[in-house]
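Colleague: Got a structure here, written out as structure tokens. Questions coming.
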Amino acid sequence: MTGREIIVIGGSAGSVEVIRQICRALPADLRAPVLIAVHVGAGHQNLLASILDSGGPHPASTAVDGEPLQPGRIYVAPSDHHLVIDGRILRLGRGPRENMARPAIDPLFRSAGISFGPRAIGVLLSGMLNDGASGLADLKRCGGVTVVQSPLDAVESEMPRTALLASDIDYRASAAELADVLSRLVNEEPGPAPVPPPSVALEVAIAMGRPSDSSTMAKIADPVPLNCPGCGGTLSQIRRSPLRFRCQVGHGYTAEALAHEQEGSVDEAIRIALRVIGERADLMEKMAIDALQAGRTAAAATFEERADEYRRSAGVLTDAALRG
Numbered sequence: 001m002t003g004r005e006i007i008v009i010g011g012s013a014g015s016v017e018v019i020r021q022i023c024r025a026l027p028a029d030l031r032a033p034v035l036i037a038v039h040v041g042a043g044h045q046n047l048l049a050s051i052l053d054s055g056g057p058h059p060a061s062t063a064v065d066g067e068p069l070q071p072g073r074i075y076v077a078p079s080d081h082h083l084v085i086d087g088r089i090l091r092l093g094r095g096p097r098e099n100m101a102r103p104a105i106d107p108l109f110r111s112a113g114i115s116f117g118p119r120a121i122g123v124l125l126s127g128m129l130n131d132g133a134s135g136l137a138d139l140k141r142c143g144g145v146t147v148v149q150s151p152l153d154a155v156e157s158e159m160p161r162t163a164l165l166a167s168d169i170d171y172r173a174s175a176a177e178l179a180d181v182l183s184r185l186v187n188e189e190p191g192p193a194p195v196p197p198p199s200v201a202l203e204v205a206i207a208m209g210r211p212s213d214s215s216t217m218a219k220i221a222d223p224v225p226l227n228c229p230g231c232g233g234t235l236s237q238i239r240r241s242p243l244r245f246r247c248q249v250g251h252g253y254t255a256e257a258l259a260h261e262q263e264g265s266v267d268e269a270i271r272i273a274l275r276v277i278g279e280r281a282d283l284m285e286k287m288a289i290d291a292l293q294a295g296r297t298a299a300a301a302t303f304e305e306r307a308d309e310y311r312r313s314a315g316v317l318t319d320a321a322l323r324g
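FYI, in the UniProt record's numbering the residues of the sequence shown are 1 to 324.
What follows is the structure, encoded as structure tokens:
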């Protein structure tokens with residue numbers, strides 16, 4: 001086959017309608033299979049494939065583990081599973097979440113780069129945070145072509161915008177233009193095929209469930225004094241750009257996703273501290289009243305002083321929370 005042979009698409013909030021628009025407008029004689037990963041929760045039904053199957057010229061289905069790729073078909077990642085490509089076979093994995101998501105976009109993009117190199121096209125659409133940015137960069141390292149929805153056109157601009165900052169993206173286009181761009185790219189001759197970095201293949205294996213112990217992580221990352229929000233383990237910094245981290249369980253985070261999770265942890269810690277301090281202040285006041293009623297004025301004064309200290313501490317924490 002001449003031309004490029006596979007299209008992989010990733011999206012999150014605001015991407016489903018764009019995906020429908022792309023799939024409806026792709027040419028009926030499209031030879032490349034289309035693989036799609038959209039962030040969905042574990043309890044969600046797999047409805048996107050049926051929506052796409054009834055609304056365009058190409059048959060669509062929820063991906064099945066071990067299924068061979070067929071030209072012109074659309075495959076959608078099922079909920080709570082990473083979708084990756086192994087040669088010309090689809091594989092589903094329940095490895096650790098990446099950027100709090102499973103399915104995550106990065107494993108799909110990386111696996112397309114490993115299996116198809118310059119014959120792969122990666123497309124990143126609307127979404128929050130920045131899942132997909134590092135996977136798109138890895139696909140490009142393997143020789144693939146990278147496309148993002150224009151941030152100004154996206155419902156949520158953060159994912160395409162961070163992808164543009166993370167690597168040298170080949171094309172950006174509006175939702176209305178993306179199908180035409182892809183139709184043109186699949187018919188172009190692919191470029192040279194660089195040797196994929198071994199670290200990219202290792203991260204695909206982690207998404208499929210390979211244990212990521214200390215010796216495994218040492219091949220691709222260096223330990224840093226940060227803890228994983230998902231499991232509390234020590235994080236290691238991935239040596240490839242953009243800036244990312246993994247723990248020994250395998251949970252993966254971009255710097256932005258990690259900061260987002262840490263912010264939630266800080267807020268929760270402040271709420272817990274305020275509750276505990278408030279309870280201590282209430283207890284000291286009750287102990288002061290009890291001491292007064294028993295005629296122990298010195299003890300009552302001490303308890304009142306400690307209650308005031310707790311109230312002042314609560315005020316400092318409240319002020320910090322409001323400023324944050």
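Cβ atoms here follow ideal geometry from the backbone N, Cα and C, with glycine treated the same way.
As the structure is a computational prediction, the values presented were derived from the model and not from experiment.
(1) By how many angstroms is the C-alpha of residue 18 removed from the C-alpha of residue 230?
(2) Note down the Cα distance separating residue 72 from residue 320, rounded to an integer number of angstroms.
(3) Is the CB-CB distance between residue 291 and residue 310 below 8 Å?
(4) Can you check the segment 75 to 102 for any beta strand (DSSP E) of at least 3 residues that lies completely inside it and give the ranges in chain order?
(5) In the DSSP assignment, find the beta strand (DSSP E) that holds residue 236 and state where it starts and stops.
(6) Hey, how far is the Cα of residue 14 from the Cα of residue 127?
(7) Using only CA atoms, which one of 180, 173, 172, 238 lies nearest to residue 200?
(8) Spell out the partners DSSP gives residue 320 in its beta bridges.
(9) Only counting runs of 3 or more residues, tell me where the beta strand (DSSP E) segments fall wholly within the segment 124 to 165, in order along the chain.
(10) Does the ligand GTP have even one heavy atom less than 7 Å from the beta-carbon of residue 99?
(11) In chain order, what residues of the same chain lie with their CB nearer than 6 Å to the CB of residue 117, ignoring the 5 residues before and after it?
(12) Return the CA-CA distance between residue 23 and residue 263, expressed in angstroms with no decimal places.
(13) Taking Cβ positions, are residue 204 and residue 107 nearer each other than 8 Å?
(14) Inspect the CB distances between the segment 205 to 221 and the segment 164 to 172 and report whether three or more fall short of 8 Å.
(15) If you drop the 5 nearest sequence neighbours on each side, which residues of the same chain put their C-beta closer than 8 Å to that of residue 53?
(16) Under 8 Å Cβ to Cβ from residue 273, same chain only, skipping five residues before and after it: list those, please.
(17) If you draw a straight line from the C-alpha of residue 97 to the C-alpha of residue 303, how long is it?
(18) Taking 8 Å as the threshold (C-beta atoms), are residue 10 and residue 89 in contact?
(19) On the criterion of 16 or more Cβ atoms from any shown chain inside 10 Å, does residue 212 qualify as buried, or is it exposed?
(20) Going by DSSP, what residue range makes up the beta strand (DSSP E) through residue 62?
(21) Let's see if you can read the secondary structure: which residues bound the beta strand (DSSP E) around residue 7?
(22) Can you find the residues in the same chain that come closer than 7 Å, C-beta to C-beta, to residue 209, ignoring five residues on each side of it along the sequence?
(23) Ordered along the chain, which non-local residues of its own chain (more than five positions away) have a Cβ less than 7 Å from that of residue 5?
(24) Decide yes or no for the touch test of the segment 251 to 263 against the segment 123 to 137: beta carbon pairs closer than 8 Å, at least 3 of them.
(25) Could you tell me the distance, in whole angstroms, from the CA atom of residue 122 to the CA atom of residue 233?
(26) Quick check for students: name the residue ranges of the alpha helix (DSSP H) that lie wholly in the segment 25 to 49, counting only runs of 4 or more.
(27) Would the beta-carbon of residue 160 fall within 8 Å of that of residue 154?
(28) At 3 residues or longer, and completely inside the segment 188 to 259: list those beta strand (DSSP E) runs for me, N to C.
(29) Which class does residue 122 belong to by DSSP, given the choice of helix, strand or coil?
(30) To the nearest angstrom, report how far apart residue 101 and residue 40 are at their CA atoms.
(31) Kindly list the residues whose CB is nearer than 7 Å to the CB of residue 84, restricted to its own chain and excluding five residues on each side of it in sequence; keep chain order.
(32) DSSP state of residue 104, grouped into three classes?
Modeller: Concretely, from the data shown:
(1) Across the structure, residue 230 and residue 18 are spaced so that their CA atoms are roughly 31 Å apart.
(2) Straight-line spacing of the CA atoms in residue 72 and residue 320 works out to 55 Å.
(3) The answer is no: Cβ separation not under 8 Å.
(4) Entirely contained in the segment 75 to 102, the beta strand (DSSP E) runs reaching 3 residues are, in chain order, 82 to 86, 89 to 93.
(5) Note, residue 236: beta strand (DSSP E), 234 to 238.
(6) Rounded to whole angstroms, residue 14 to residue 127 spans 6 Å at the Cα level.
(7) Answer by Cα proximity: 238.
(8) Bridge partners of residue 320 according to DSSP: none are assigned.
(9) Qualifying beta strand (DSSP E) stretches, in chain order: 145 to 149.
(10) The ligand content of the structure shown is nil, which means the ligand GTP is not present either.
(11) Same-chain partners within the cutoff: 142, 143, 193.
(12) C-alpha separation (whole angstroms): 37 Å.
(13) Result yes, Cβ atoms of residue 204 and residue 107 sit closer than 8 Å.
(14) No, the segment 205 to 221 is not in contact with the segment 164 to 172.
(15) Excluding positions up to five away in sequence, the list reads 59, 60, 61, 74.
(16) So the qualifying residues of the chain are 317.
(17) It is roughly 49 Å from the alpha-carbon of residue 97 to the alpha-carbon of residue 303.
(18) Contact: no.
(19) Looking at its Cβ environment, which holds 16 or more other Cβ atoms inside 10 Å, residue 212 is buried.
(20) Residues 60 to 62.
(21) Its beta strand (DSSP E) spans residues 6 to 11.
(22) Cβ within range, chain order: 93, 94, 95.
(23) For residue 5, where only same-chain residues beyond five positions count, the Cβ hits under 7 Å are 32, 116, 119.
(24) In short, these stretches touch, since the Cβ pair count reaches three.
(25) Rounded to whole angstroms, residue 122 and residue 233 show a C-alpha spacing of 32 Å.
(26) Fully enclosed alpha helix (DSSP H) runs of 4 or longer: not present.
(27) The answer is yes: Cβ separation under 8 Å.
(28) Runs found: 221 to 227, 234 to 238, 244 to 247, 252 to 254.
(29) The DSSP-derived three-state label of residue 122 is strand.
(30) Distance from the CA atom of residue 101 to the CA atom of residue 40, rounded to whole angstroms, is 8 Å.
(31) Same-chain partners within the cutoff: 91, 93, 107, 108, 111, 204, 207, 208.
(32) The three-state secondary structure of residue 104, taken from DSSP, is coil.
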